[in-house]
Amino acid sequence: MTDISVYEKQIKKKRKTGIPRLLEIAGTKSALLVFAAIFAALAVAAQMTPFVTIYLLVRELITHINNPAEIDTAFVWHLGWLTLGGVALYGLLTYLGNMLSHIAAYNVLYEIRIGLTEKLSRMPMGYFTSTANGKIKKVLQEDVERIEIFVAHHIVDIVQAAFLPLLSLAVLFYIDWRLAVGVVIPLLLATVAQRKMYSPKGMQYYAEWQEKLATMNATIIEYVRGMPVVKIFNQTVSAFKRFSRDVYAYRDLTLQWFKLSRRPFSAFLTLLSSSAVFIIPIAILLVSRVPREGYVPLVSTVFLFLYIAMGISVPFYKLINMSSYLIQIKTGLSSIDDILEKPEIRDTQNVMDIKEAGIEFRNVSFSYDEIKALEDVSFSVSPGSVTALVGPSGGGKTTIANLIGRFWDVGSGEILVGDTNISELGVNCLNNTVSTVFQDVFLFFDTIEENIRMGNCQTDFAEVQAAAEAAQIHDFILTLPQGYQTLIGEGGVYLSGGEQQRVALARVILKNSPIVILDEATAYADPENESKIQKALSVVLKNKTVIVIAHRLYTITEVDQILVVNEGRIEEKGTHRELLEEQGLYRRMWDIHAEARKWNLDQEREVSK
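To convert, note that position 531 of the sequence shown is 530 in numbering that gives the first Met the number 0; the numbers rise steadily by one, no gaps.
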């Protein structure tokens, strides 16, 4: 675990926002940020050197404008070297500040991402079914990247952008407070002008903009994944109504936000660049009141004020502009905190040696967001036996299988594995006890070897190869360009449904768990692949406790027990022969299944005639 675990505990006590939360995330790395800020502030002080030296140079030149021979050349050379030294020191200090902020940024980025992925792995599957993938992707990618960019680049920029105007104004007020007032007035007016951008309405627009962006991202992901359907039915972007609606909603809200901001932002830019309009009238008034011999020092002073005032406008604009980054960071940190505050599957860390891997459901009830999925379900599975779950779609078969793996915690009742309630088992211990082959197999963008090795990361290549041979996929792998090192997915090869399922079976064989759950493992297989998968299953299921979710009833006629699941209840249980004799739901399903297997297209054509 990283420092993010401490971060999660702190959230539960009191949630902070903005920079305080950022420093809390940084943990021990916050010292790097503090030193980066100190170096940035010192760099600003060095950056002021040219302002002072140029002022002194102009004053020296104007003082002796009628007699250049009296100019102190040694003093001029001294100013030149001082200017060069100030510029060099500014560069060195800025470099050090940026280096420290980048080191802190990449450490923070690593800790946040690792912490989030660990948190997501401990959360119930219900979170992922009720939360759009685009929203999770936005937090893991965009929000975290913004934090990295902010820490690496903008912290130093903000310190320098804030410290330079403050130091400049301090110097100007020290020299002449009257001219300094002329510098401050446009800055204050510019600040007032842009406040409307950050009014409650403006902030509401920003929050809505973030939501619209997340929604649009989720819709885009769905649109891309559904591209085969879009192309087959000759649909356009505009015909995919939700896609069009979300994109236009994002566009319209962005335009409304810009319309709200355009006038105050234009006034802000105009006032920020108008310091001379305020300084010159004050300077004229002062000149009219000083004796002739006071013109020279006053002119050089006015020159310095005009010069520095123009220099202040740039960091001041950057500082105001940085406020948008602060809002983004605040919003991003809030999104990260929202995930880290979500309830997770309780982990006892208990490790037990499950020798007799039987399964028992005792009066189990479960709901998805108050929608009842299972109600008072009870059954037992003997160690080393095979139990099939059958029934109408949506009856609760997959829910039962997922509850065994503790993808969710039950609402009431208990589930036992080897006489131990699974809620008392450590999550890792339960994961090592139960293996699942899903109907929709997911393979990572990695080599075939690494996809198989997920079943047991500590094993050697010989065992990986043996698992592939047992899963009837080894010969196919050898025909690929790089064999086991062939990448799956973009830039590599794409596997058929049957081939993917055999890779998934190889994972399970390598894992060698005492309990195996098969969610229609031959769903996407052609007859040849199905035969190979059946051979692989004979290896996988040997001496295992097996739960099979089956739709092809002819594949489960020899299993030890069949549970008929309907509307969240166990409606029937028994062997294939026993259930056929009962003349209940299973018998009706079998008759329909048998009739469907006899059907062919030629028969349908004959009927239609």
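Using N, Cα and C, we set each Cβ at its ideal position, and we do this for glycine too.
Could you give the DSSP three-state label for residue i: helix, strand or coil?
i: Gln193; result: helix
i: Val440; result: coil
i: Ala400; result: helix
i: Pro19; result: helix
i: Lys28; result: helix
i: Tyr6; result: Because Tyr6 carries a pLDDT of 43, less than 50, the predicted location of this residue cannot be relied on, and no value is offered for it.
i: Glu59; result: helix
i: Asp156; result: helix
i: Gln464; result: helix
i: Phe304; result: helix
i: Glu570; result: strand
i: Ile546; result: strand
i: Thr1; result: Legend: pLDDT at Thr1 = 40, less than 50; position of this residue unreliable, value from coordinates given subsequently. The answer is coil: DSSP assigns Thr1 none of H, G, I, E or B.
i: Asp337; result: helix
i: Asn216; result: helix
i: Thr52; result: helix
i: Ile344; result: coil
i: Leu615; result: Summary: the structure shown does not reach residue 615, with the chain confined to residues 0 through 608, and so no result is reported for it.
i: Thr485; result: coil
i: Thr435; result: strand
Report the option in the options whose CA atom is closest to the CA atom of residue i.
i: Val138; options: Ala151, Leu115, Asp156; result: Leu115
i: Lys329; options: His473, Ser364, Phe378, Ala206; result: Ala206
i: Lys510; options: Gln457, Lys396, Leu254, Ile421; result: Gln457
i: Gly181; options: Leu305, Ala217, Phe50; result: Leu305
i: Val246; options: Ser29, Lys258, Ile220, Leu494; result: Ile220
i: Ala275; options: Ser287, Ala308, Val286; result: Ala308
i: Ile279; options: Lys134, Phe264, Leu297, Met215; result: Leu297
i: Val507; options: Gly496, Ala213, Ala467; result: Ala467
i: Glu570; options: Tyr585, Gln560, Thr556, Arg576; result: Tyr585
i: Phe360; options: Ala179, Ile403, Leu60; result: Ile403
i: Leu339; options: Ser120, Leu83, Tyr105, Ala68; result: Ser120
i: Arg568; options: Ile421, Thr398, Asp445, Arg576; result: Thr398
i: Leu429; options: Gln348, Ala387, Leu494; result: Gln348
i: Asp71; options: Leu83, Arg58, Thr82; result: Arg58
i: Ile414; options: Gly357, Ile447, Phe444, Ala469; result: Gly357
What are the boundary residues of the beta strand (DSSP E) that residue i is part of?
i: Asn362; result: 358-367
i: Arg452; result: Run containing Arg452: none in the beta strand (DSSP E); it sits in the alpha helix (DSSP H), 447-452.
i: Phe378; result: 370-380
i: Glu413; result: 411-416
i: Ala387; result: 385-389
i: Gln560; result: 560-565
i: Val515; result: 514-518
When you compare the CB positions of residue i and residue j, do they come within less than 8 Å of one another, or not?
i: Gly390; j: Val547; result: no
i: Lys324; j: His153; result: Looking at the sequence provided, one finds Tyr at residue 324 rather than Lys. Going by C-beta atoms, Tyr324 is nearer than 8 Å to His153.
i: Phe365; j: Ala372; result: yes
i: Met321; j: Ile157; result: yes
i: Lys118; j: Glu343; result: yes
i: Thr269; j: Arg241; result: no
i: Leu442; j: Val502; result: yes
i: Phe437; j: Asp518; result: yes
i: Arg112; j: Gln327; result: no
i: Val301; j: Ala282; result: yes
i: Arg452; j: Val440; result: no
i: Pro185; j: Phe277; result: yes
i: Ala189; j: Phe267; result: yes
Since residue i and residue j should fall inside the 8 Å C-beta cutoff, what is the C-beta to C-beta distance between them, to a whole number of angstroms?
i: Thr435; j: Ile353; result: Not really, about 16 Å apart at Cβ, beyond 8 Å.
i: Leu318; j: Ala160; result: 4 Å
i: Val43; j: Phe149; result: Their Cβ separation, rounded to whole angstroms, is 19 Å, which puts Val43 and Phe149 out of contact at 8 Å.
i: Thr544; j: Val350; result: Not a contact, Cβ separation roughly 19 Å.
i: Leu88; j: Thr52; result: Incorrect: roughly 13 Å between the Cβ atoms, too far for contact.
i: Val492; j: Ala387; result: Their Cβ separation, rounded to whole angstroms, is 34 Å, which puts Val492 and Ala387 out of contact at 8 Å.
i: Gly85; j: Phe38; result: About 15 Å separates the two Cβ atoms, so there is no contact after all.
Specify, as a first and last residue, the run of the alpha helix (DSSP H) that residue i falls within.
i: Ala87; result: 72-120
i: Asp245; result: 240-271
i: Glu580; result: 575-581
i: Asn430; result: 426-432
i: Asp474; result: 473-477
i: Leu284; result: 274-286
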